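Before any comments, here is the structure.
In the UniProt record's numbering, the protein residues as written are 1 to 534.
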C-alpha cells in the first residue's frame, strides 16, 4: 500500500480529502495529517510516507520551507503541492525543489485522482527498477567467483580484451596487480597408470582435489597468488612479487612452494605433478608471456627425461611452444560456430610457425598432438565429444604424416569443418535430452534458488553453452523460463485462495514480496491482490 500524508492549515480541506480520495482503488492508505510545515516535518519523519500532499501558505513554517528542509534531508518520497496561490514565483520555486505536481485550489477529485495515479505509477516504476538493480547486484555477487575464474584464465592465456584491460582490472578488484611484478608457474599432472583409464567424472574429481591442495598451500604462504585451471592436465599459478624483492629470492621461495605442493599431491592423491617457471614480467598485461615460458620449461624437462623425444624442441626455443592462447581462442570460435574466425585464427598461428625456420617435422607433430588434446578437453565442456567424431587411432595415424606448418593448418581446418557440420545432426538428440532435463529441473526446483551454474554442474556442460542451446530450443533464456514457471505456479495458488500473498511469494522462490508483486504485475497486468479478489 502506498502511504499518503496530507498537510494543510484548513481543517475542512484535510477532512474532505481524507474522505474523498479513493484509497482502495489507488491501493493507498492515509498515514497522517498536519496543519503547518513544522508539524508536517515531524509527522513525515515519523511515518515516512511515499507521497506528501501539502499547501504552501501555512503558519509557523510554510510549505516551500518544509519541502526545502525535506530535500536537504534526502527525503525519497514524492511531493504534490495543492495551493490557493497560483503565483508564478511560487511555481518556479516549487519546480526548483522538484515537486511532482503543482495544483491550484479549488481542485476536483478527478484532477487529484489523476495526479495521484500518475505519481503512484512513477513510484511503482522506480521501485521496480530499484528491485531489479538489487536483484542484478545479488546475482553478480552470486556469479562473482565464476566471473573471476574466467577473467583469470583470460589473463593467463592472453585472450583478454586489451582495449578495456584497465577497466576490467578495476572491475576485478585487483588494482594491486599494477604495483607488483608477476611470475607464472605452469603445472602438469603427470600421466601414470593410476589415471590412464579414468572416466571424465573421476578425472574432474582428481582435478578438484589437486586444486584444493594447491589453494590451501597458497593461502598459507602466498595468499595473493592465483590458481588457474587451464585444460586437461594443465594448470597455472600467478605469483605477485613485491618490487623490492629480488628475482633470485622470489624464484627460490616459489620453487620451495612447488616442492611442497608436489609432496602433498604425492602423499594425499598418489599422483605426480611437474612444475615449470616463466620469467618475471613487470606488467600484468604481459602475464601470458610468462605462462608460455613456464610451459616451455615444462616441455624441456620432459625432453630431458624422455630421450625418445629428442629433436622435437626447435633450436629457437623462444617461439610459442605451448599454444595456450591459440587453443583458447580456437575453442571459443568453434563453440560459437564462427567458421571465418576459426580459419583466421588457424592461419595466423600457422603463419607464425612457418616464419620459424627451425621447426622440424617432429615438433610439428608434437604441436599437433598438443593442440588436439587441449581442444578435446576444452570442447568437451560444451558438449562436443571429439572421440565420438574422430577415432583415436585414426587421428594418431594422420598426425604421424604431418610434417610442415602448412599441413598442420590444413588438417586442423578440415577437422573444424567436420565438427561444425556434424554438430547439426549430432546435437539434436543430445540437446533434446539436455533441454528436457533443464525444463524438469525448473519445474521441480522452482521454490529454491536456481541458477545456470548449478545446472551446468549437473550436466558437466558450460553455463554459456547451456544458455545458448536452451534459448535456441525454447525461444527464451533459462532465467526467464524459471520466472515464467514461478509466475504460473503463483497464479494457480492465488486462484485457490488458501494462502496469503507473502506465503505464495515464498512458495515460488521469492523472499522479497514487493519484487514478487512487481514481477507478477509485469506478467499478468495486475497485482497479486487484484487477482486474489477476482
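C-beta atoms are modelled at their ideal positions from N, C-alpha and C, and glycine is treated no differently.
Here the structure is a predicted model, which is why all the values come from computation and not from measurement.
At the C-beta level, residue 419 and residue 466 stay beyond 9 Å of one another.
Taken in chain order, the whole beta strand (DSSP E) runs of length 3 or more contained in the stretch 201–250 are 226–231 and 234–241. Remark: C-beta atoms of residue 291 and residue 236 approach each other more closely than 9 Å.
Each residue's CA atom was taken as its position, placing residue 131 and residue 256 some 50 Å apart. In this structure, the straight-line span from the alpha carbon of residue 59 to that of residue 49 is close to 22 Å.
Each of 242, 404 and 435 was checked against the Cα of residue 365, and the nearest Cα belongs to 404.
Here the stretch 36–47 lies against the stretch 65–73, with 3 or more beta-carbon pairs under 8 Å apart. When DSSP states are grouped into helix, strand and coil, residue 407 belongs to the helix group. Here residue 368 is not near residue 334, since their CB atoms are 9 Å or more apart. Look at residue 100 here: in three-state DSSP terms it is coil, with no helix or strand label. Membership of residue 481 in the alpha helix (DSSP H) is indicated by the continuous run 478–496. By the beta-carbon neighbour count (other beta carbons within 10 angstroms, threshold 16), residue 391 is exposed.
Residue pairing by DSSP leaves residue 359 without any beta bridge partner. For residue 411, the closest of 342, 503, 446 and 452 by C-alpha to C-alpha distance is 342. For the set 185, 45 and 242, the Cα lying nearest the Cα of residue 277 is the one of 185.
Look at residue 510 here: in three-state DSSP terms it is coil, with no helix or strand label.
Per the coordinates, the alpha-carbon of residue 149 lies some 13 Å from the alpha-carbon of residue 211. Secondary structure in the UniProt domain "Response regulatory" (3–120): the alpha helix (DSSP H) runs of 4 residues or longer, each lying completely within the stretch, are 11–20, 23–26, 37–47, 63–72 and 88–96 in chain order. When the five nearest sequence neighbours on each side are left out, the beta carbons in the same chain lying within less than 7 Å of the beta carbon of residue 14 are those of 6, 8 and 33, in order along the chain. Buried is the label assigned to residue 40, since at least 16 other Cβ atoms lie within 10 Å of its Cβ. Here residue 221 is exposed. Its C-beta has fewer than 16 other C-beta atoms within 10 Å.
If you check the CB distance, residue 183 and residue 238 come in under 9 Å.
Here residue 326 carries a helix assignment [DSSP, helix/strand/coil].
Each residue's CA atom was taken as its position, placing residue 116 and residue 519 some 22 Å apart.
DSSP, read as helix, strand or coil, puts residue 280 in coil.
Ranked by how close their Cα comes to the Cα of residue 475, the residues 439, 282 and 275 have 439 in first place. Exclusion of the five residues before and after residue 325 leaves 157, 158, 159 and 288 as the residues of its chain whose Cβ lies within less than 7 Å of its Cβ. In the three-state DSSP reduction, residue 182 falls in the strand class (E or B).
In the DSSP assignment, residue 471 falls within the alpha helix (DSSP H) that extends over 463–474. With fewer than 16 other Cβ atoms from the protein chains shown falling within 10 Å of its own Cβ, residue 176 counts as exposed. The C-beta distance from residue 120 to residue 102 rounds to 18 Å, too long to fall under 8 Å, and the pair is not in contact.
Across the set 261, 468, 527 and 330, the C-alpha of 527 shows the shortest separation from the C-alpha of residue 495. 515 is the residue among 361, 498, 515 and 463 whose C-alpha sits nearest the C-alpha of residue 486. DSSP places residue 500 in the coil class of the three-state scheme, outside both helix and strand. Relative to residue 77, the option among 53, 83 and 178 whose CA is nearest is 53. Cβ atoms of residue 207 and residue 229 come within 8 Å of each other, at about 7 Å.
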